[in-house]
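Data block below; observations after.
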Amino acid sequence: MSKQDPKIYVSSPTNLHVGIGGLVALQTARGVLRGEREAKVRVLFDAGSHRFFVTSKAASLVDPKGLRRDLLGINMFGQKCTRSEQRDVVELKLKPLHGDKVISVEAYVVPEISSIQNAHIELARKDYQHLKGTWFSDVCSQEVLEIDVLIGADYLWQFQTGVTRRGRPEDPVAVETELGWVLSGPLRARDIERVGVAQVNFVAQIGNQEWNNDSLESNVQRLWSLEGLGIIDKDGVHEEFLDGVTFTGSRYSVKLPWKEGHDKLSDNYGNSLARMKSQLRRLKKEPE
2 MSKQDPKIYV
12 SSPTNLHVGI
22 GGLVALQTAR
32 GVLRGEREAK
42 VRVLFDAGSH
52 RFFVTSKAAS
62 LVDPKGLRRD
72 LLGINMFGQK
82 CTRSEQRDVV
92 ELKLKPLHGD
102 KVISVEAYVV
112 PEISSIQNAH
122 IELARKDYQH
132 LKGTWFSDVC
142 SQEVLEIDVL
152 IGADYLWQFQ
162 TGVTRRGRPE
172 DPVAVETELG
182 WVLSGPLRAR
192 DIERVGVAQV
202 NFVAQIGNQE
212 WNNDSLESNV
222 QRLWSLEGLG
232 IIDKDGVHEE
242 FLDGVTFTGS
252 RYSVKLPWKE
262 GHDKLSDNYG
272 NSLARMKSQL
282 RRLKKEPE
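Here the sequence shown is numbered in the numbering used here, starting from 2 and rising by one per residue.
Here it is, written out as structure tokens:
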């Protein structure tokens, strides 16, 4: 990498939570994470993420081998990255709870990934004929599930086999993975109906960018601003108005707010010149 053409690659994770009605199952599974030690972890499969992530809490339990440190940009959903930090990249192994296949990965260590609402797929399984007899990897009684590992697109297809079990178009789909079956899609209301949480995990990879370390306060202000909602307030006219205001000593004056890029306004110079010449000719013929 030359000094004349530096390239900085930044992976930027984002979480968005929105209140909705009903439940949607996300692709979660349980597995065994290995470093020098091993621990049981909850995994989220997310094709919208570029990279494999592990929480610092889970990493501390298994004591993984450190590989390097990369620049990791943290930003809010839909915004440009505003903060960047050096994050550890570690070597880990992940295997199913009941099985021998081990997959080696490189993971970015982050303080946290997210927590999601338990869709209780063990109850939903009874409502769908195509799911009967399917062993789901992630079944528990907790209402809130803390995610320890996020499997992004870089390792997704090393874990997912491509085998699915489908019912009707509106039914959830079971997806086979090396960690067991996972469920994805909308669930029927039944007795588990309640206000759910929609979550988006999105990780963008950006190169050749310069990053500024903004304070937490400025990030919060940006989140609640119109720009944070994707709406940019066009205040160019207002700024031009302020720039054009002058004080003459007794009063304020301001220029007319001409539209930028407009066609040049026509005048009556040609007509006036023609009339003047005509009048001069008439006076020459009839001087009195």
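Virtual Cβ for every residue (Gly too), placed ideally from N, Cα, C.
Take residue i and list the residues in its own chain whose beta-carbon comes closer than 7 Å to its own, dropping the five residues that flank it on each side.
{"i": "residue 158", "result": "none"}
{"i": "residue 36", "result": "63, 64, 65, 66 and 93"}
{"i": "residue 192", "result": "Residue placement at residue 192 is poorly supported in this model, since its pLDDT is 41, which falls under 50; the coordinates still yield a value, given next. Excluding residues within five positions, none has a Cβ falling inside 7 Å."}
{"i": "residue 243", "result": "none"}
In chain order, what residues of the same chain have a beta carbon less than 8 Å from the beta carbon of residue i, not counting five sequence neighbours either side?
{"i": "residue 98", "result": "31, 32, 33, 41, 138, 180 and 181"}
{"i": "residue 253", "result": "246 and 247"}
{"i": "residue 143", "result": "119"}
Taking 6 Å as the limit between beta carbons, can you name the residues of its chain near residue i, skipping five residues before and five after?
{"i": "residue 283", "result": "none"}
{"i": "residue 105", "result": "94"}
{"i": "residue 111", "result": "54"}
{"i": "residue 189", "result": "128"}
Cβ of residue i within 8 Å of Cβ of residue j?
{"i": "residue 128", "j": "residue 56", "result": "no"}
{"i": "residue 65", "j": "residue 91", "result": "yes"}
{"i": "residue 184", "j": "residue 122", "result": "yes"}
{"i": "residue 131", "j": "residue 166", "result": "yes"}
{"i": "residue 135", "j": "residue 46", "result": "no"}
{"i": "residue 25", "j": "residue 186", "result": "yes"}
Within 10 Å of its beta-carbon, does residue i have 16 or more other beta-carbons around it, so buried, or fewer, so exposed?
{"i": "residue 170", "result": "exposed"}
{"i": "residue 275", "result": "exposed"}
{"i": "residue 279", "result": "exposed"}
{"i": "residue 270", "result": "exposed"}
{"i": "residue 248", "result": "exposed"}
{"i": "residue 49", "result": "exposed"}
{"i": "residue 162", "result": "exposed"}
Compare the Cα-Cα distances from residue i to each of the options and report the closest residue.
{"i": "residue 54", "options": "151, 100, 24 and 44", "result": "151"}
{"i": "residue 258", "options": "271, 61, 287 and 241", "result": "241"}
{"i": "residue 74", "options": "61, 60, 130 and 51", "result": "51"}
{"i": "residue 117", "options": "29, 243, 59 and 250", "result": "29"}
{"i": "residue 173", "options": "133, 266 and 86", "result": "133"}
{"i": "residue 86", "options": "47, 25, 163 and 109", "result": "109"}
{"i": "residue 114", "options": "273, 124 and 59", "result": "59"}
{"i": "residue 119", "options": "145, 96, 101 and 100", "result": "145"}
{"i": "residue 175", "options": "126, 155, 143 and 147", "result": "126"}
{"i": "residue 155", "options": "100, 107 and 255", "result": "107"}
(request) Assess, as a yes-or-no matter, whether the stretch 133-141 is touched by the stretch 56-76 under the definition of 3 or more beta carbon pairs within less than 8 Å. (result) no
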